[in-house]
Amino acid sequence: MVVSFLRSLPRLGRRWTPFSFSNPNFIRLPTGQAIEEETIPGYVAGRYYPTRIGEILKDRYQVVGKLGFGASSTVWLARDMEYHSYVTLKLFIKSTSMGQQLDDELNIYKRIEGASQKHPGRKYVRSLLDSFDVNGPEDKHRCLVHPPLWESVLSFLFRDFEENELQSPCPRKELDGRTIYTSRELGIPNQPCAPILCDFGSAVLGDEEHSEDIQPDIYRAPEVILEIPWTYSVDIWNVGCMVWNLFEGGSLFSGQDPEFQTYRSRAHLAEMIRLLGPPPPSFLARGNLTQKFFSEEGDFCAGVSVGEYTPLEQRETSLEGEDKEKFLRLVRKMLQWEPERRSSAKELEKDEWLQTELNK
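Residue numbers (full-length UniProt numbering): 1 to 360.
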């Protein structure tokens, strides 16, 4: 009751007055130069909502500036004139282009909001403040409203962002019916910040098995490539690859096919075999696509050379002695052919090397 009352206090006072973002002194970019979302393969202008800086959505949120873009949305900093605060607006491409994915992210956030607020990890997951649809020129567009990331330490940066847009508007390209704005850097705070989990557009429920193709190419788990039903353990494989990338400064896998000069699953599997050795027959027996890459005897026969076995010990060159052994034990807990043999997140939290590094 008290929290609800405090939350409503701004609404009892005066609303923020909208700003006029009418400064004409901005750089006009050439209309033939592709920028921002225009550089995404398959870009179609009509799919995106033609957001304008200064625009007010839902009679409440005034767009201040652009934070970023993606294949299915653009992201903007906005003023919540009702609650006297800054928010982030994620505006999706038109609803018909989103198809059945339109409600996916919203439903995940609703599920998160329904979880216990006392969960120790709750503060590390981005929350949803509001959602609504905006009428565009061709169709409706879903808009999700979030607190800005690092809200508690970046309020001064939001004010600077707003002031900069008023005094020195961002470069933009003006076209018929829409303006393509360049994203404005927020900057990074000079104090420690906790990571925040967000962007749940591709999230699925983990208490059931899935078989659809997922993950960026070089992070794909072997069960995804072979079409073996997957669950939480694909994320553990991802973390193993990411830890290696961050610590070693390079990727474990590239998947670059020497024949096609681009990523191919067969080249990725060959790299996995070179690093981990051949996959267990029981694992291969589960795959719908196993026969595409392996013989009935379990031999790799996809037309790409596996090369000489090069285990993790030979790939790791930054550490020595006990530190190296501990680090490699951590990576091996995650990079296992069989999903069931990978450690859980809770088990990894107690890993000896990780605890040593965190306590330094």
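The C-beta atom is built at its ideal place from N, Cα and C for all residues, glycine as well.
Leaving out five residues on either side along the sequence, give the residues of the same chain with a beta carbon under 8 Å from the beta carbon of Gln33. Closer than 8 Å at Cβ, skipping near neighbours: Lys173.
Measure the beta-carbon distance from Pro195 to Tyr124 and round it to whole angstroms, keeping in mind my assumption that it falls under 8 Å. Between the beta-carbon of Pro195 and that of Tyr124 there is about 7 Å, and that keeps the pair under the 8 Å contact cut.
Look up Gln62 in the DSSP assignment and give the residues it is bridged to. Gln62 is bridged to Ile56 and Arg79.
Who are Gly68's beta bridge partners in DSSP? The beta-bridge partner set that DSSP reports for Gly68 consists of Val75.
Report all residues from its chain with a CB closer than 8 Å to the CB of Leu328; omit the five preceding and five following residues, and keep chain order. Sequence-distant Cβ neighbours of Leu328 in its own chain, meaning closer than 8 Å and more than five residues away, are Leu312, Glu313 and Glu316.
Counted within 10 angstroms of its Cβ, other Cβ atoms place Thr39 as buried (16 or more) or exposed: Classified as exposed, Thr39 has fewer than 16 neighbouring CB atoms from the shown chains inside 10 Å of its CB.
Hey, how far is the Cα of Thr356 from the Cα of Leu275? Thr356 and Leu275 have their C-alpha atoms some 26 Å from each other.
Compare the Cα-Cα distances from Tyr49 to each of Glu185, Gly201 and Leu91 and report the closest residue. Selected option, being the one with the closest Cα: Leu91.
Only counting runs of 4 or more residues, tell me where the alpha helix (DSSP H) segments fall wholly within the stretch 157 to 239, in order along the chain. Runs of the alpha helix (DSSP H) lying entirely within the stretch 157 to 239, each at least 4 residues long, are 222 to 225 in chain order.
On the DSSP bridge assignment, give the partners of Cys143 in chain order. Beta-bridge annotation (DSSP): Cys143 is paired with Leu91 and Phe132.
Own chain, CB closer than 8 Å to Leu166, minus 5 neighbours either side, in chain order: Cβ neighbours of Leu166 beyond the five flanking positions: Phe19, Phe21 and Asn23.
Which runs of the alpha helix (DSSP H) at least 4 residues long sit entirely within the stretch 271 to 310? Give them in chain order. Taking only runs of at least 4 residues, the alpha helix (DSSP H) segments lying wholly in the stretch 271 to 310 are 281 to 284 and 290 to 293.
So, Gly136 versus Lys94, is the Cβ gap smaller than 8 Å? Yes, the Cβ-Cβ distance between Gly136 and Lys94 is below 8 Å.
Other residues of its chain near Trp244: CB distance less than 7 Å, five sequence neighbours each side excluded: The residues are Leu252 and Val331.
Nearest to Gln62 by CA position, among Ser73, Thr17, Asn25 and Ser97, is which residue? Of Ser73, Thr17, Asn25 and Ser97, the residue nearest in Cα terms is Thr17.
Using DSSP with H/G/I as helix, E/B as strand and the rest coil, what is Ser97? Correct three-state label for Ser97: helix.
Cutoff 6 Å; reference Ser97; Cβ partners in own chain excluding five residues on either side: Closer than 6 Å at the Cβ level, and outside the excluded window around Ser97, lie Arg47.
Tell whether a beta-carbon distance below 8 Å holds between Tyr109 and Leu89. Result no, Cβ atoms of Tyr109 and Leu89 do not sit closer than 8 Å.
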